[in-house]
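Peer 1: Residue numbers (our numbering), protein chains in the order written: chain A, 1 to 241; chain B, 1001 to 1342. Before anything else, here's the structure in question.
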Amino acid sequence: MKYLTIDTTTKVTAVALGEDRRLVGEGFLNTTKTHSERIIPMLDQLLTAADWTLQELDMIGVVRGPGSFTGIRIGIATAQGLAQVLKLPLISVVSLDALAWAGKGRMEDVVPILDARKNEWYTARYNWTRGAEKADCLTPPQAMPIDKWLEYLKGLDRSICFVGDAAEKAKGRIEEVLGERAVILPEYISLPRGAYAVSAVWQRWQETGEGEQVEPYYIRFSEAEVNWAKKEEARRSEGHE
Amino acid sequence: MTESQKSNVVILGIETSCDETSAAVLLNGRDLRSHVISSQITTHQKYGGVVPEIASREHSLHFQPVVQQALDEAKLTFRDLSAIAVTYGPGLVGSLLVGVSGAKAMAYAAGVPLIGINHLEAHIYANFLEHQDLKFPLLALLVSGGHTHLILFEAHGQYKVLGHTRDDAAGEALDKVARTLGLGYPGGPQIQRIAQEGNAEAFNFPRAMLEPGSLDFSFSGMKSAVLNTLNSAHMRGETLSVPDIAASFQQAVVDVLVRKALLAIKETRVKTLLLAGGVAANRLLRETLDQKLAEKGVCLVYPSPIFCTDNGAMIATAGYYHYLKGDFAPWTLNAVPGLGLV
Ligand SMILES: [Zn+2]
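Put into structure tokens, the structure is as follows:
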């Protein structure tokens, strides 16, 4: 079964071709150009290089967040557009689940951290049991204040392997709290890669066996919604007095 | 391009620049086979205006179904298309990117050309959908929530901006006054509605004409005059008639637009004025222009109201003329939120 995957949830544009559980080709760009400029040309080059055509594909996979709101939507709109025209099933995976594959085979807990601004990370916690097909999710995806999350991880008394686009930048801060128990993988392993999306999408396909309705996974509400809800709450509590 | 390629041109037009997700299928530039508009107005109403992040989220959810519905209603598939046209600016960047990304993937997968459309140009082209016999040169008055432009349109794709607003757009000023009057969003239609019950001569708001001969606009001072009038009445403990204020302000805005349009006609000696943009649906503006232009022997053309607000049909119409010229976009097409007309 042949498929392509798209991950634009961070600054990295990652497009890959997969055949069953095998990675066939991947494009990775971590430059200042936008996803919108890179994504179709990258896909086109990959297909040409692999000597594949769009018509040979059996499935489209996309990473649906969390991450950059705009990036999430670009990836989904592109994947949906391709799937709609080619009449292919569409499969989506969570960015943090995909990143867990960066730490496949590690003994430590694997903790992907993605920059969520406002001093927060999108994060989750996984563990790979020896020989497992998929990482166990120990803490589900959430947006977490950085200090609170590091304190929580410290309290677990386990070794933690950090991956994701925030890992390198936060190295000092992480080691300050977790010391020797923190492992930070180099960026070329730790940033989102097509290889991880291919693995996660194939795993997901094994579970579902069919396409699905894909919606963005933001975790966070928009600021306007949050502010409006706060105002509503204030209005309601005033009304009760 | 061969003659047969020009004889059965089917364009899918896609618009996501602000708060409408819209798609249309157009045959040969005149035969609108389908037109789907999914409006977000009710979603944004509780915030008193368009919230960019929420608009993008809504586009992301509605984009694919809207396009599919447009194709289904036209009883066509992607394989029947000659090209896909999409708005790439100006507009809200997050919203534009949903349409641009989706349209690009669709065109790439369908093996058809992609056409990048300037939203302002498309508003003007909305006139060509219902009037194919328009003769160049044309003059266009583009009035919307974001834009107030007087444009000399010399040939397909050739524009000269004769004047534009130096501060607020006409629609923006109407929106702000509507909000202050508690009329809600979107302001233009609300002002028009309540103005019917008011006296347009009750208040004499200033008409900002700028330097003699200038074709530029300025609505910010006119808007402030309304707010000052309201404030000082409030200080005196008086309440003013909302319909009178709405009617008088609408009259002032229309007067300025009409005077500037007449000045541009005098200078350019163009025989046809195209009205375009959301405010082009304003009845007072249409009627006043109609009457004043008839006196001068100038023809006024405007789109049906449905083609004045943001819509996919105008994108497809502009796309058709780009298609005839073989004017296609590369796969690197990006959203340009501040895109100008020239
Ligand atoms: Zn518009």
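Glycine residues also receive a C-beta, built at the ideal position from the N, C-alpha and C atoms.
Pairs of beta-carbons, one from the stretch 1265-1274 of chain B and one from the stretch 1218-1233 of chain B, closer than 8 angstroms: are there three or more?
Peer 2: At 8 angstroms Cβ cutoff, the stretches do not touch.
Peer 1: Using a Cβ-Cβ cutoff of less than 7 angstroms, which residues in the same chain neighbour N1199 of chain B once the five nearest sequence positions on both sides are dropped?
Peer 2: D1244 and A1247
Peer 1: Against chain B, with Cβ distances strictly below 8 angstroms, would R73 of chain A count as a contact?
Peer 2: Yes, contact with chain B.
Peer 1: Check the Cβ of S1334 of chain B against every Cβ in chain A and list those closer than 8 angstroms, keeping chain order.
Peer 2: Contrary to the premise, residue 1334 of chain B reads as Asn rather than Ser in this sequence. Here the neighbours are T34, S36 and E37.
Peer 1: Please report the residue range of the beta strand (DSSP E) in which G1116 of chain B lies.
Peer 2: L1114 to N1118
Peer 1: Go through the stretch 1247-1325 of chain B residue by residue and report every complete run of the alpha helix (DSSP H) that reaches 4 residues or more, in order.
Peer 2: 1283-1296 and 1312-1325
Peer 1: What is the rounded straight-line gap between the Cα of S1017 of chain B and the Cα of A1107 of chain B?
Peer 2: The straight-line gap from Cα to Cα measures roughly 19 angstroms.
Peer 1: For a contact meaning CB atoms closer than 7 angstroms, what does A14 of chain A contact in chain B?
Peer 2: Going along chain B, no residue has its Cβ under 7 angstroms from A14 of chain A, so there is no contact; the nearest lies around 15 angstroms.
Peer 1: Below 7 angstroms CB to CB, which residues in the same chain sit around L1257 of chain B once its five sequence neighbours on both sides are set aside?
Peer 2: L1141, V1143, A1170 and L1285
Peer 1: What whole-angstrom Cβ distance do V94 of chain A and R73 of chain A have, given they're in contact under 8 angstroms?
Peer 2: Contact flag wrong, Cβ pair sits at about 16 angstroms.
Peer 1: Name the two residues that bound the continuous beta strand (DSSP E) containing Q1158 of chain B.
Peer 2: Segment Q1158 to H1164, the beta strand (DSSP E) holding Q1158 of chain B.
Peer 1: Mind listing which residues of the stretch 217-233 of chain A have their C-beta closer than 8 angstroms to chain C's C-betas, in chain order?
Peer 2: You won't find chain C in this structure, because its protein chains are A and B.
Peer 1: Alpha carbon to alpha carbon, how far is V1298 of chain B from L90 of chain A? Give it in angstroms, no decimals.
Peer 2: 55 angstroms
Peer 1: Rounded to the nearest angstrom, what separates N1127 of chain B and P1303 of chain B at their Cα positions?
Peer 2: 5 angstroms
Peer 1: Is it right to say N1118 of chain B is buried, meaning 16 or more other beta carbons lie within 10 angstroms of its own, or is it exposed?
Peer 2: buried
Peer 1: What does a CB cutoff of less than 6 angstroms around T1148 of chain B pick up in its chain, not counting 5 residues either side in sequence?
Peer 2: T1165, A1169, A1170 and F1217
Peer 1: Let me make sure I understand the geometry here. Which of B:T1077, B:F1063, B:L1081 and B:G1089 has the alpha-carbon closest to that of Q80 of chain A?
Peer 2: B:F1063
Peer 1: How many Å lie between S1232 of chain B and L1097 of chain B at the Cα?
Peer 2: 45 angstroms
Peer 1: By a C-beta neighbour count over all protein chains shown, 10 Å radius and 16 as the cutoff for buried, is N1282 of chain B buried or exposed?
Peer 2: buried
Peer 1: Does F1063 of chain B come out as helix, strand or coil in the three-state DSSP assignment?
Peer 2: Helix at F1063 of chain B.
Peer 1: Tell me, please, which residues DSSP counts as bridged to S1241 of chain B.
Peer 2: Bridge partners of S1241 of chain B according to DSSP: none are assigned.
Peer 1: When you compare each of A:G179, A:D20 and A:T48 to E151 of chain A by their alpha carbons, which one comes out closest?
Peer 2: The residue from A:G179, A:D20 and A:T48 with its alpha-carbon nearest to that of E151 of chain A is A:G179.
Peer 1: What's the gap between the Cα of Q142 of chain A and the Cα of G1184 of chain B?
Peer 2: 36 angstroms
Peer 1: Assuming S1101 of chain B contacts V1009 of chain B (C-beta within less than 8 angstroms), just tell me the rounded distance between them.
Peer 2: The Cβ separation is near 24 angstroms, so there is no contact.
Peer 1: Suppose the cutoff is 8 angstroms on Cβ atoms and the five residues either side in sequence are ignored; what does the same chain contact list for T955 of chain B look like?
Peer 2: The structure shown does not extend to residue 955 of chain B, since chain B spans only 1001 to 1342, so no value can be given for it.
Peer 1: Please confirm whether T48 of chain A has its beta-carbon closer than 8 angstroms to some beta-carbon of chain B.
Peer 2: no
Peer 1: Checking the sheet assignment: what are the DSSP bridge partners for H1149 of chain B?
Peer 2: B:L1142 and B:H1164
Peer 1: Can you pull the chain B neighbours of D44 of chain A, defined as C-beta to C-beta under 9 angstroms?
Peer 2: Y1108 and W1331
Peer 1: Could you give the first and the last residue of the continuous alpha helix (DSSP H) run that contains P41 of chain A?
Peer 2: H35 to A50
Peer 1: Using the Cβ count rule (16 or more neighbours within 10 Å means buried), how would you classify M42 of chain A?
Peer 2: By the neighbour-count rule (16 or more Cβ atoms within 10 Å), M42 of chain A is buried.
Peer 1: I believe V198 of chain A touches L23 of chain A by the beta-carbon criterion, under 8 angstroms. Please report the beta-carbon distance rounded to the nearest angstrom.
Peer 2: Going by Cβ atoms, the distance from V198 of chain A to L23 of chain A rounds to 5 angstroms, so yes, they are a contact pair.
Peer 1: Helix or strand or just coil, what does DSSP make of L1183 of chain B?
Peer 2: coil
Peer 1: By the three-class DSSP mapping on this structure, what secondary structure does N127 of chain A have?
Peer 2: strand
Peer 1: Can you tell me whether DSSP reads W121 of chain A as helix, strand or coil?
Peer 2: Reduced to three states, the DSSP call for W121 of chain A is strand.
Peer 1: In chain order, what residues of the same chain lie with their CB nearer than 7 angstroms to the CB of Y1323 of chain B, ignoring the 5 residues before and after it?
Peer 2: V1009, I1011, S1082, A1083 and I1115
Peer 1: Give me the Cα-Cα distance between K1104 of chain B and G1111 of chain B, rounded to the nearest whole angstrom.
Peer 2: 10 angstroms
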